[in-house]
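Each remark here refers to the structure printed beneath this line.
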Amino acid sequence: MASRNERARRDRAARRQTELEKIRRKYVPGDSFSSGSPPSAPSPASARPPPAARRQDNQIVRHGFPHQPTALAFDPVQKLLAIGTKTGSLRLLGRPGVDIHVRHDGDPAVLQIAFLVNEGALVTACTDDTLNMWNIRQKIPEVVHTLKFQRERTTCISLPLQSKWLYVGTEKGNVHIVNIESFVVSGYIINWNKAIELSRKNHPGPVTCLVDNPVDSNKLLIGFETGLLVLWDLRTKAADVRWQSAEPLRSVCWLSDGKQFMSSHADGSLCTWSVKTPQRPVATQFPHAKTRENGQQEPCKAIQKVSWLSTRAGLLASLSPLAGWREEEESEPYVIFTGGLGHDTAGRTPSVTVMHGRTTTVLEMEHNVVDFIALVDTPYPSEFQDPYGIVVLLQNDLVVVDLTSPGYPCFENPYPMDLHGSTVTSCTYLADCPGDLVPALYSVGTAKQNRTGFSEKEWPITGGTWGTGGNSYPEVVITGHADGSVKFWDATAVSFQVLYKLKVSRVLERQRRSQDGDTEDQLAVQQVVLCPESRQLAVAGASYVIHFRFSRNEKNAEVPCLEIPIVYETYGDSDRDPPSGDPAVTVRPADTIAGVNGKKAELSLPVRCRSGPIRRPPGFHPELVCITPAVNGEPPGVISSVAVNSAYGLLAYGNESGLVIVDTVQRTCLLNLGTPDLYGPADPYQRAPRSPKQRAEEADLGRSPDSEQINGLCLSPTAGKQGGVGSVSPRGRDVQRSRSQGTGRRLVKAHSVMEEPTSPLAPQLSATAAAAAAAAGPHLRVWRARQCKSFERLDTQQTASRSSSLSSLENISSEAIVCLQFADTFVNKSESSTCPCLLVGTSLGSTLIVQVALPRSADRATQAVSVAPTGSIFRLNGAMQCIALLDCSGARIPAAAETWRDGNKERTRTPSRPTVSSCGSLSEAGGGDGQLLVLVSDKQARVLATPSHSCLCKLQITETSFVVRAEIISLKDSVCLVCYLANGRLNSYSLPSLRPLMEVEFLPLSDLSFQTTKSAIADPMLAIWGQQMFVNEDATQMARTFCISNHGHGLYLCSPSEIQKFTISSEFCTQLQDMVGELFLACDMPELPQQGFLKGLFGGGVRSLDREELFGETSGKASRSVAKLLTGPTAQAEQLQARVSSTGGDVGRARQAMIERGQKLSKLEDRTEQLMADADNFSSTAHQLMMRYKDKKWYQL
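Residue 1441, in my numbering, is where the sequence shown stops; the numbers in between run on with no holes.
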């Protein structure tokens, strides 16, 4: 009988091994390995694709407000807007939906931008003293020329209309002229010592302003920093007029008649100057200065920029003698400036002032003003401008003011530039969501907004045209913010439009700030999880989780709240026995947790749920709030992972201390365990012991009475006769436990507090439990707790890779829950069918399985759900990143989800995810191993066959770095693993074979260091190392804003106010050109108005200048040391010439070497011939000697 059983056991093992070999041969072709050692995927170094197969990351589009803007320009004909930033970025904006982002090499700050009006190009001046010519006639603009000044630093540029000569002012006070066609510096130069008077003894300072006279292009107005103004005659190469102001100069602007100009100064004054009166200004005014009691004016801030714009009504008013004062007021030019407010004016915000006639309007702004431009229809500066708007570039916003409407209202900004209204703390990207999700969000969000106070006119920036291509699938981006708001964006293709906004503050209210100066927002959103099929949403902050359901109807209801402290108790000494009762678990309500000196622990809530009915407008309605309170004043751990499953009706979340599972249908807490207690007796780690102070506190506590358990609920502190009660520590780092101490602990589990007095979904408690709950407090209701099943010991084969000696050396302080995934899978090796489970990944690389027993659908709202750890453990090196299940064909198994219903109306769309089933037969999957379990940590990746738990493939992703974010995505009818590493690389691997598909240099983690919360290190020797250390510590925050989704798309927070979208799909890259819009549209230049007879007769019209004659070849060539052409046709020709000369030198050297080699070969040939002759002589002599002695006897020799 024994031999028969042994033979059957061997047959089963052989069949299982045969099935495992079939799976291995299917997914890992060409590999041969023994059954005892699973195959390893090639290491990244050995399996790196060849250089020809590598490709750089493909940036799709950038959304949001340009971070740290520095410059602004506008093309009045093409209706395009350009914004430069401190990091070298250049954003080109047209009509809504036309948004192009490019970047300078080296990331220098952009000083100034000048459009070549209606020519499809622009010039940028940067802080690295370079001038860059950009071609915007193509969809993705590129740099055509780059000119770098070597001796002088550039300060400003000016490009006259329809001119190919660019004026460049420098820090030394000189003015250079550059041909924008060839980007060559002209020999014509305006030196500062020729511009000033001979009697002046000091340097005038850097050039701050260069403005061409609108009616006489021969005159150039040069403004120096010290207040010197020079009207330079380009033909005579001399100064016509000089003006000297008493204060430093900030900006200059001509009036359209070319006879007057206005300057702004550092003391908050505006000076009007006339060409005919050079001695002093015609008028000086302080627009915002107030006179004090002593008769003196209060000091004002500098006016950084001024614009003086004429109106066409001035001519009509002069021709009409009966014109009233209103017409005279309208005929006055506009004076627009920024700054000039008083220094001692408290509470005044940055502003832009508009002066028109007798009216002065101060437009207050929310942020500092960087620059502004008046919008005019005509590009000709000599004509009446008639401004219709002002584009104001703020430090964190873009505002366009309507000057033609009463009150000067603002245009509603159609660009998605409110992304950073509150700091972005998390991002969720769904690249393939149901097609009806975007219209549903739009119908309850943006479509119902009725914003007032904006101009009724259309957005004035209308340049460019939209792309012709698009996606066949919708994309949604969800951003969480520091103020507790959640925004939904339509990110399909290259668009980005806000759909819906959700505010957590409508459900929760902040507590008073602590006195220690903690300013972190308590409502900041840390994680957002959306089930697109059922439209259920989970929003998690540091200490709260809110469960939402989508509805098109408005409701008024109270939101139930559960207070669930994630704490547990342990005994510091292994020789101490647990209390009487259940040796594994003792359950009690939260308000009876033992504290110091035997007192009850004090629970304080970081946030509170708003009491009373809450109005729920159409959209996401809050259904349940879970709050983690602080125990004894110690703040709870930050929630690190959240998962929601609509088919199971469960919500799971965890922090650095433990795991919580909540029933969203019955609104009860099912499981609340510390992370070490999920292992059961098979815990492989030795937990860190508590401090001696805590042990002393334990010794002072004394004994507690016997336990009083009612229906598995302990309503008072309990302790056995042989064990004392330890003080509660809400964090896992205070745990001491090893393998031998697995049962010497007591858990506080499933203790939650309900603030709602009554609820139709609340389970009924027994009479004794209800009485005890009523005695605990009038507002406390203790939910029924369910005891866990006994832990199963881990199979010895599952822990064979981890030696006992290694486990004994590990001293773990804490183990956080970092990854959660609901799935139907096999619980252990002995199971033949799948069942609902929760896969739990920890920061120590462990993956545990928690089994979920669901009642029938008809009894789901009344019968309890059972959850229990199974004891199955999988371990990898590093913290877990993601978990997924594949079927036998290698396709990903989606999580079960129910379809969305709004009341009794069911959605007509067919769900793409299967409905939940309690279990699935193994025979239906084809026998043997029916699923493949993919586990990814920040160091390794493994593919396991279930239920045998055999390792099919394993991969060491990195050894010197770590994975910041890893996702398992669907790409072109296949599944792959995409990993973003801290060393800046983006790797992709096939599944389930874990073969390398792509490995590129993507984005250094230091570029995302703006999300770090620590200050820099003062020691310069440790600055680089310290910054890297801070970056690694804050990698968790960076991972929350780095997303990878299906179809190979991803996005990341590239700056505090911008999101960058990218793709690794080559197919999408080929379609990108059709999706991106056109910036430049060919159109005719507006006709120049005909010059009047009187103006032409008396010389009052526009006088042209032949700049080619002045600045061309006749002016000579500038010194080569002034500037160097880095890119462009000329630079390419010089590089080609240098390359040719270098190649010619190499050919000459090779020719000389060949000649020398020929000479040596000739010498060798001569020596060879000599040797051959000597050999012939020796042969003939030997032959003669042989013939002489051939016929002689030996005695004749």
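Idealized CB from N, CA, C, for every residue including glycine.
(request) Would you grab the beta carbon distance between Val-803 and Pro-866 for me? Rounded to a whole angstrom, and I think it's under 8 Å. (result) 5 Å
(message) Please state the DSSP three-state secondary structure of Val-882.
(response) coil
(message) Please report the distance separating the alpha-carbon of Val-474 from that of Ser-500.
(response) 19 Å
(request) On a CA-only basis, which of Leu-1129, Pro-313, Tyr-411, Val-428 is nearest Glu-1302? Give me that one, please. (result) Pro-313
(request) Work out the CA separation of Arg-860 and Gly-924 for me, nearest whole Å. (result) 43 Å
(request) Check each candidate in Lys-731, His-311, Gly-328 and name the one with the smallest Cα separation from Phe-318. (result) Gly-328
(message) Suppose you measure from the CA of Arg-911 to the CA of Gly-877; what does that come to, to the nearest Å?
(response) 27 Å
(message) Considering only DSSP beta bridges, list what Ala-1132 is partnered with.
(response) Residue identity differs from the one stated: residue 1132 is Cys in this sequence, not Ala. Paired residues: none, contrary to the question.
(message) For Arg-1239 and Gln-639, what's the separation of their Cα atoms in angstroms?
(response) 47 Å
(message) Leu-1082 and Phe-1070 - do their beta-carbons sit closer together than 8 Å?
(response) no
(request) Tell me whether Tyr-632 sits in a helix, a strand or coil according to DSSP, three-state version. (result) coil
(message) Applying the 10 Å Cβ sphere with the 16-neighbour rule, what's the burial state of Cys-1327?
(response) exposed
(request) Measure the C-alpha to C-alpha separation of Phe-1286 and Ala-801 and round it to an integer number of angstroms. (result) 36 Å
(message) Can you tell me whether Arg-975 is buried or exposed? The criterion is at least 16 other CB atoms within 10 Å of its CB, across all chains shown.
(response) Legend: pLDDT at Arg-975 = 32, less than 50; position of this residue unreliable, value from coordinates given subsequently. Per the 10 Å Cβ criterion, buried.
(request) Run through the region 434-522 for me and flag every whole beta strand (DSSP E) of 3 or more residues, listed as ranges in chain order. (result) 451-456, 463-468, 472-477, 482-488, 493-498, 504-509, 514-518
(request) Pick out whichever of Tyr-578, His-1293, Ser-1090 has its Cα sitting closest to the Cα of Lys-1183. (result) Ser-1090
(request) Look at the alpha carbon of Phe-1206 and the alpha carbon of Thr-604, and state the distance between them as a whole number of angstroms. (result) 59 Å
(message) Using C-beta distances below 6 Å, list every residue in its chain close to Ala-1426, excluding the 5 sequence neighbours before and after it, in chain order.
(response) none
(message) Considering only the alpha carbon of each residue, which of Leu-514, Val-598, Leu-915 lies closest to Ser-495?
(response) Leu-514
(message) Going by C-alpha to C-alpha distance, which of Tyr-897, Gly-902, Ala-874, Asp-907 sits closest to Ser-890?
(response) Asp-907
(message) Quick test of the definition: if touching needs 3 or more C-beta pairs under 8 Å, does the region 607-623 touch the region 674-691?
(response) no
(request) Could you tell me the distance, in whole angstroms, from the CA atom of Ser-575 to the CA atom of Trp-517? (result) 20 Å
(message) The beta strand (DSSP E) that contains Pro-1080, what's its start and end?
(response) 1077-1086
(request) Could you tell me whether the region 347-359 touches the region 719-733, using the rule of 3 or more Cβ pairs below 8 Å? (result) no
(message) Taking 7 Å as the limit between beta carbons, can you name the residues of its chain near Lys-408, skipping five residues before and five after?
(response) Asn-423, Ile-424, Glu-425
(message) Tell me which residues share the same chain as Asp-1318 and place their Cβ nearer than 7 Å to its Cβ, disregarding the 5 neighbours each side in the sequence.
(response) Gly-711, Thr-712, Gly-713
(message) Relative to the C-alpha of Gly-785, which candidate in Glu-777, Ser-670, Glu-702 has its C-alpha closest?
(response) Ser-670
(request) Could you work out which residue in Glu-491, Ile-433, Phe-505 is closest to Asp-477 when comparing CA atoms only? (result) Ile-433
(request) Compute the Euclidean distance between the alpha carbons of Val-769 and Val-613, then round it to the nearest angstrom. (result) 30 Å
(message) Considering Cα atoms alone, identify which of Thr-1190, Ala-1417, Glu-363, Leu-1179 is closest to Cys-1079.
(response) Thr-1190
(request) Below 7 Å CB to CB, which residues in the same chain sit around Ser-333 once its five sequence neighbours on both sides are set aside? (result) Pro-310, His-345, Arg-347
(request) Determine the extent of the beta strand (DSSP E) in which Pro-1113 is found, giving its start and end residues. (result) 1110-1119
(request) Using beta-carbon positions only, say whether Leu-1176 and Leu-1196 come within less than 8 Å of one another. (result) yes
(message) Rounding to the nearest angstrom, what Cα-Cα distance links Gly-707 and Arg-381 in this structure?
(response) 12 Å
(request) Keeping to the same chain, check which residues put their C-beta closer than 7 Å to that of Glu-469; ignore five residues upstream and five downstream. (result) Gly-449, Pro-450, Thr-452, Pro-492, Leu-493
(message) Rounded to the nearest angstrom, what separates Leu-685 and Asn-657 at their Cα positions?
(response) 20 Å
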